[in-house]
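Written out below as C-alpha cells is the structure these notes cover.
Written as C-alpha cells, this is what we have:
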C-alpha cells in the first residue's frame, strides 16, 4: 500500500514504539503535522523554542531508557536544535531528531529557510541521514533508531525534504537491521575479564569508578552485587549519580572537580581502579599525569574509542557494562575460592580505616546562618521532603553541583543533568520531557537564575501541556559559577556576572499561568517546598540565596585532584590558583 512520506514517517514511529514527540511546526514539516492532526497513538508536545524539543527528548530518554524523539522544521529551527544534539552526543543519550528541509530540487540553491542540516549536525550526532527517496524512509528510520539505542547510545538526525513528505511511496519495513560497518561488541573478552577479576581480588586499595554507562546499560544491580561481593568503595561521575545508592556504606559519592574529598583521595591513592562506563573526562581527572598515579587501571566501556583516549589503561575491556559486570562477578567468585593472601586482607582493613578517616575529617560542609539561605540547605530540604524519590533535573552552574553533592540518590534513571556540554537552559525543557514520560510522578528542576532565564519561556509549555514540573531557582542575582571563578582565580575582578533581580520570577510564573512562590529566610524554605510539592500545577519557587556562597571542594583548572580547595581561599591561595589557570 502506498502512502505519503509524512504518513509513512508517523507509521514508522508507531512501529518503533514511540508515543511522544516534542516539536514545533514550520513550513517544511507541515505535511507531517497535517497527518498528525488525526493520527492516533502519538502525543505531540508543542515547545516554544526548538532546542527545548531536543532537551525534552533527552529527559524522556534518560529516565525511560527508550529513544526520545523531536521534530522541527528547516533552517533556523534545525540550527536551534544543534545545541541539544551536541548535548546528547556528549552524554550518550539516545534521541532521534527529525528536521524539515527544502524540496530536493532546491537543495543548494539558498532557498527560503534552507540550511545544510546534514553538514551542520554531522559533528554533533552519532550519525545522520538525508532522505532522497520515499522508499528509503522506512529503512532509514529503522536504522536511525537502531544506531541511537545500540553500542554507545547517542543522537541520530534525519533530514526530510518537503517533497519526500508529500510524494507517495511503498512502505518498506525491515524486520531486522543489518549494517555491515556497524557491529558493537557487547561481550567483554573472557581473558581480560579474568585478568581484571584477579587484580580486583588481590588489590589492597581498590576503587570502583562508575559513569553514566552503567545507567545506560541498566547495570546498577550488577554493580551493587560486585561492590558488596568485593567490599570495594564506589565513586560516581556526575552522569553516574543514581547508579549506586548515596546512602550505601560503600558510597564515596561523586569524584572530580567538585567531588568529595574522600572520593578524590581514595582514587588518588588506589592501587586498582576499575572504571565502568566512564570516559575519564577532564572534570573527573584533573591534571592527567597526577590521576591515580599508582593504580592499575581496568576500563570497561562499550565504545572502544573511549579506552586509553584520555588516560592510558592497563586492562581494557570493550563491552556492555551489564554483561561485563555479570561476567566479572562470576570471575571474582572463582578467584575468591583461592586463598586471599594475609597481606591483602590486612591492606583492605587499613584501606577501609583510611577512607573512614578522610570521610570523618573532611565531609561535605557549609556554614549555617539564620539570616541568609544557604543553597546547600535548600537541596537538603528537597531531598528530605521528597524522600529521594523525585526525578531530579538541573540546569548548569553552582546549583547543579550543590544538587549533585547534597541530594541523596536512591535509584538510577532519576537524575538528569548536562554533564559533558554543560548547557545552561537545560533544566526546564528536560524536566518537561521527564514529566511527559512519567505523568503523575514528581519532577523537580533545581535551577539557577542565570540558567533558568535561557529557557524560561517553556513555562508556557508546562502550563498548556499540563506538565506540573516544580522548579526551584537558586537565585543569587548573577552567574554564580563565573562569579566563583572570578573570585578565586581572577583576583575578584568581577565582570559581566550580575543579574539584578530581573525578571521577577514569581510574576513571570504567574504570567505563564503557573504558580509563583518566593522565600528569603531559612525558616521559610521547608514550608515553601512542602507547598510547592503539594501544588498540582507547574510551580516556580524563587529562593533568594547567599550570593557569595561557593561550591567546595573545588579543584582549580590545571590542578590535580589532590589540590582541592575546601574553604574560601586566602589571597595566597588565589594567587597560586591564578598562576596554574589553564581554562574553565
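Numbering (the numbering used here), first residue to last: 41 to 624.
Beta carbons are placed, not taken as given, at the ideal position from N, Cα and C, and that holds for glycine.
Small disclaimer: the values here were computed from a predicted structure and weren't measured.
Query raised in the report: Anyone know if the C-beta pair for residue 490 and residue 557 falls short of 9 angstroms?
Result: The count along the chain shown starts at 1 and reaches residue 490 at position 450. The count along the chain shown starts at 1 and reaches residue 557 at position 517. Cβ atoms of residue 490 and residue 557: not closer than 9 angstroms.
**Report entry** Per-residue DSSP class, three states only, for residue 542
**Finding:** As a working mapping, residue 542 is identified with position 502 in the chain shown. Coil, per DSSP.
**Report entry** Coil, strand or helix - residue 364 by DSSP
**Finding:** Mapped onto the chain shown, residue 364 falls at position 324. Three-state DSSP puts residue 364 in a helix.
Query raised in the report: What are the partner residues of residue 485, as DSSP defines its beta bridges?
Result: Taking the first residue of the chain shown as 1, we reach residue 485 at position 445. Note: residue 485 sits in a beta bridge opposite 433, 511.
Query raised in the report: Got a sec? Which residues, its chain only, sit under 8 angstroms from residue 546 by beta carbon, not counting five neighbours each side?
Result: Reading the chain shown from its first residue, position 506 is the one you call residue 546. 556, 557, 558, 580, 582, listed in sequence order.
Query raised in the report: Alpha carbon to alpha carbon, how far is residue 103 from residue 312?
Result: Residue 103 sits at position 63 when you count from the first residue of the chain shown. Residue 312 sits at position 272 when you count from the first residue of the chain shown. Their Cα atoms are separated by approximately 32 angstroms.
Report task. Run the CB neighbour count on residue 150, radius 10 Å, all protein chains shown included, and call it buried at 16 or more, exposed below. Result -> What you label residue 150 is simply residue 110 of the chain shown in a count that begins at 1. With fewer than 16 Cβ atoms within 10 Å of its Cβ, residue 150 is classed as exposed.
Report task. Kindly indicate which three-state DSSP category residue 275 falls into: helix, strand or coil? Result -> Here residue 275 refers to the residue found at position 235 of the chain shown. The answer is strand: DSSP assigns residue 275 an E or B state.
Query raised in the report: Using the beta-carbon count (16 or more within 10 Å), is residue 186 buried or exposed?
Result: Taking the first residue of the chain shown as 1, we reach residue 186 at position 146. Buried, by the Cβ-count rule.
Report task. Could you give the DSSP three-state label for residue 294: helix, strand or coil? Result -> As a working note, residue 294 is residue 254 in the chain shown. Residue 294 falls in the strand class under three-state DSSP.
Query raised in the report: Among 452, 272, 183, which has the Cα closest to the Cα of residue 285?
Result: Taking the first residue of the chain shown as 1, we reach residue 285 at position 245. Nearest C-alpha to residue 285 among 452, 272, 183: 452.
Query raised in the report: So, residue 133 versus residue 195, is the Cβ gap smaller than 9 angstroms?
Result: For this step, residue 133 is matched to residue 93 along the chain shown. For this step, residue 195 is matched to residue 155 along the chain shown. For the pair residue 133 and residue 195, the CB atoms are nearer than the 9 angstroms cut-off.
Query - Close Cβ partners of residue 435 (< 7 angstroms) along its chain, the five nearest in sequence each way excluded - result: Numbered from its first residue, the chain shown carries residue 435 at position 395. Within the same chain, residue 435 has close Cβ partners 464, 465, 466, 467, 487, 488, 491, 492.
Query raised in the report: Cβ atoms of residue 521 and residue 585: under 9 angstroms apart, would you say?
Result: Here residue 585 corresponds to residue number 545 of the chain shown, with the count starting at 1. Here residue 521 corresponds to residue number 481 of the chain shown, with the count starting at 1. It is not a contact, given that the beta carbons lie outside the stated cut-off.
Report task. Go ahead and pull the three-state DSSP assignment for residue 36. Result -> Nothing can be reported for residue 36: it is not among the residues displayed for the chain, which extend from 41 to 624.
Requested in this report: Taking only the alpha-carbon atoms, compute the straight-line gap between residue 605 and residue 523 and give it to the nearest angstrom.
Outcome: The residue you call residue 605 lines up with position 565 of the chain shown. The residue you call residue 523 lines up with position 483 of the chain shown. Whole-angstrom Cα-Cα distance: 16 angstroms.
Requested in this report: Rounded to whole angstroms, what's the CA-CA distance from residue 57 to residue 201? Just pull it up for me.
Outcome: Locating residue 57 in the chain shown gives position 17, where the first residue counts as 1. Locating residue 201 in the chain shown gives position 161, where the first residue counts as 1. Going from the Cα of residue 57 to the Cα of residue 201 covers about 24 angstroms.
Query raised in the report: Does the stretch 592–603 come close enough to the stretch 320–327 to have 3 or more Cβ pairs within less than 8 angstroms?
Result: yes
Query raised in the report: On the three-state DSSP scale, how would you describe residue 82?
Result: Here residue 82 refers to the residue found at position 42 of the chain shown. The answer is coil: DSSP assigns residue 82 none of H, G, I, E or B.
Query raised in the report: Can you tell which of 275, 120, 243, 475 has its C-alpha closest to the C-alpha of residue 251?
Result: Numbered from 1 along the chain shown, position 211 holds the residue referred to as residue 251. Here the closest residue by C-alpha is 275.
Query raised in the report: With which residues is residue 168 paired in a DSSP beta bridge?
Result: For the purposes of this step, residue 168 is identified with residue 128 of the chain shown, where counting begins at 1. 197, per the DSSP bridge assignment.
Query - Residue from 42, 607, 80 with nearest C-alpha to residue 59 - result: In the chain shown, residue 59 corresponds to position 19, counting from 1. Nearest of 42, 607, 80 to residue 59, Cα basis: 80.
Requested in this report: Could you give the DSSP three-state label for residue 130: helix, strand or coil?
Outcome: Translated into the one-based positions of the chain shown, residue 130 becomes position 90. Correct three-state label for residue 130: helix.
Query raised in the report: From which residue to which residue does the beta strand (DSSP E) around residue 556 run?
Result: Locating residue 556 in the chain shown gives position 516, where the first residue counts as 1. Looking at the DSSP string, the run of the beta strand (DSSP E) that includes residue 556 is 555–559.
Query raised in the report: How long is the line joining the alpha carbons of residue 84 and residue 46, rounded to whole angstroms?
Result: Here residue 84 is taken as the residue at index 44 of the chain shown, counted from 1. Here residue 46 is taken as the residue at index 6 of the chain shown, counted from 1. Looking at the two C-alpha atoms, the distance is approximately 15 angstroms.
Report task. List the endpoints of the continuous beta strand (DSSP E) containing residue 44. Result -> Translated into the one-based positions of the chain shown, residue 44 becomes position 4. From DSSP, the beta strand (DSSP E) with residue 44 extends over 42–44.
Query raised in the report: Given residue 518, which residues of its chain have a CB within under 6 angstroms of its CB, disregarding the five upstream and five downstream residues?
Result: Along the chain shown, one-based indexing puts residue 518 at 478. Taken in chain order, the residues that qualify are 537, 538, 539.
Query - Inter-residue spacing [alpha-carbon to alpha-carbon] between residue 567 and residue 267 - result: In the chain shown, counting from the first residue as 1, residue 567 sits at position 527. In the chain shown, counting from the first residue as 1, residue 267 sits at position 227. Distance between the alpha carbons of residue 567 and residue 267: 38 angstroms.
Query raised in the report: Do the stretch 239–258 and the stretch 327–345 touch if we need at least three Cβ pairs shorter than 8 angstroms?
Result: yes
Query raised in the report: Would a C-beta distance cut-off of 9 angstroms place residue 97 and residue 473 closer than the cut-off?
Result: In the chain shown, the residue the question calls residue 97 occupies position 57. In the chain shown, the residue the question calls residue 473 occupies position 433. Cβ distance < 9 angstroms, so residue 97 and residue 473 count as in contact.
Query raised in the report: At what residues does the beta strand (DSSP E) containing residue 246 begin and finish?
Result: Within the chain shown, the letter at position 206 stands for residue 246. Counting along the chain, the beta strand (DSSP E) containing residue 246 begins and ends at 246–250.
Report task. Would you mind reading off the limits of the beta strand (DSSP E) that contains residue 181? Result -> Taking the chain shown and counting its residues from 1, the one referred to as residue 181 is at position 141. No beta strand (DSSP E) contains residue 181, which is instead part of the alpha helix (DSSP H) from 177–189.
Requested in this report: Measure the Cβ-Cβ separation of residue 99 and residue 117 and say whether it is below 9 angstroms.
Outcome: The sequence position of residue 99 within the chain shown is 59, counting from 1. The sequence position of residue 117 within the chain shown is 77, counting from 1. Cβ distance not < 9 angstroms, so residue 99 and residue 117 don't count as in contact.
Query raised in the report: Relative to the ligand ZN, is the shortest distance from any of its heavy atoms to the C-beta of residue 56 smaller than 8 angstroms?
Result: Among the components modelled here there is no ligand, and therefore nothing to report on the ligand ZN.
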